[in-house]
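All remarks here apply to the structure that follows.
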Amino acid sequence: MTTEPSAYHQRVAEEKRAAILRAATRLFLDSGYDRTSLAKIAEVAGVSKATLFKQFPTKAALFDAIVTVSWRAGDSGEDAPPPGDLRSGLTLIGRRYVALLTRPGMADLFRIVIAELPRFPELAESQFHRGKMPYFDSVRRYLEAERDAGTVVLDDPELAATQFLGMISNYVFWPRLLLPRWAPDGAAVESVVDEAVLMMAARYAAR
Numbered sequence: 036m037t038t039e040p041s042a043y044h045q046r047v048a049e050e051k052r053a054a055i056l057r058a059a060t061r062l063f064l065d066s067g068y069d070r071t072s073l074a075k076i077a078e079v080a081g082v083s084k085a086t087l088f089k090q091f092p093t094k095a096a097l098f099d100a101i102v103t104v105s106w107r108a109g110d111s112g113e114d115a116p117p118p119g120d121l122r123s124g125l126t127l128i129g130r131r132y133v134a135l136l137t138r139p140g141m142a143d144l145f146r147i148v149i150a151e152l153p154r155f156p157e158l159a160e161s162q163f164h165r166g167k168m169p170y171f172d173s174v175r176r177y178l179e180a181e182r183d184a185g186t187v188v189l190d191d192p193e194l195a196a197t198q199f200l201g202m203i204s205n206y207v208f209w210p211r212l213l214l215p216r217w218a219p220d221g222a223a224v225e226s227v228v229d230e231a232v233l234m235m236a237a238r239y240a241a242r
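Numbering (the numbering used here), first residue to last: 36 to 242.
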């Protein structure tokens, strides 16, 4: 007799997990991290407390999961572009980054961290180490691969990754934290990515 869960039970478990993450994100934003109980999250998510505690025994574990899922959603499981064509590769990465930053809930996640930072600095650490840094490292590794392929000349891949992602996020994302209606159209966003790619190529492309 097999003890492996069936495809049906796996799907149900995944649906419940997604419901828990959605409910927690909304409650953390509306009521604050400290004032939101796991019992309330279970109620809003429509699951039993036993189901929630089985997956997330603490609020910290639940928040870590929210961060991890949010930052992983941007790459859709796709691999980094192969080195050899800097402009093409950076354009793909830039558009994926836009999709990540503009997905529903990403701005909310940052608002939760900022609001709770004085009392719960560990939330910011989770956001940084479980979310931002793994994504940043993937871009840095791509630039290192381009350097190894001889398509770019750069001494500091971390600085180059910071420059590229910063040129995009400073227009696409950060204004949204202060201006809830900030929603530049697709043409404007594509132009920002294209200009960032041209800036990187002008600075780092091998001659």
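Idealized CB from N, CA, C, for every residue including glycine.
When Cβ pairs closer than 8 Å are counted between the two stretches, the region 73 to 80 is seen not to touch the region 133 to 140, the count staying below three.
Take the alpha-carbon of VAL47 and the one of LEU56: they are about 14 Å apart. Here ILE147 is near LEU64, since their CB atoms are less than 8 Å apart. Residue pairing by DSSP places VAL187 opposite ALA240 in a beta bridge. In the three-state scheme derived from DSSP, where H, G and I count as helix and E and B as strand, PHE145 is classed as helix. In the three-state reduction of the DSSP assignment, SER72 falls in the coil class, being assigned neither a helical nor a strand state. Excluding the 5 residues flanking it on each side, ARG122 has same chain C-beta neighbours closer than 7 Å at VAL232 and ALA236, in chain order. Here the region 153 to 166 makes contact with the region 92 to 110; the two share three or more CB pairs at distances below 8 Å. ARG242 and PRO153 have their C-alpha atoms some 48 Å from each other. Secondary structure note for ASP120: it is in no alpha helix (DSSP H), with a DSSP letter that is neither H nor E.
Between the alpha carbons of TYR206 and MET141 lies a gap of roughly 15 Å. The beta-carbon distance between VAL174 and PHE199, rounded to whole angstroms, is 7 Å. This is short enough to meet the 8 Å contact definition. Going by DSSP, LYS51 is part of the alpha helix (DSSP H) stretching over 42 to 66.
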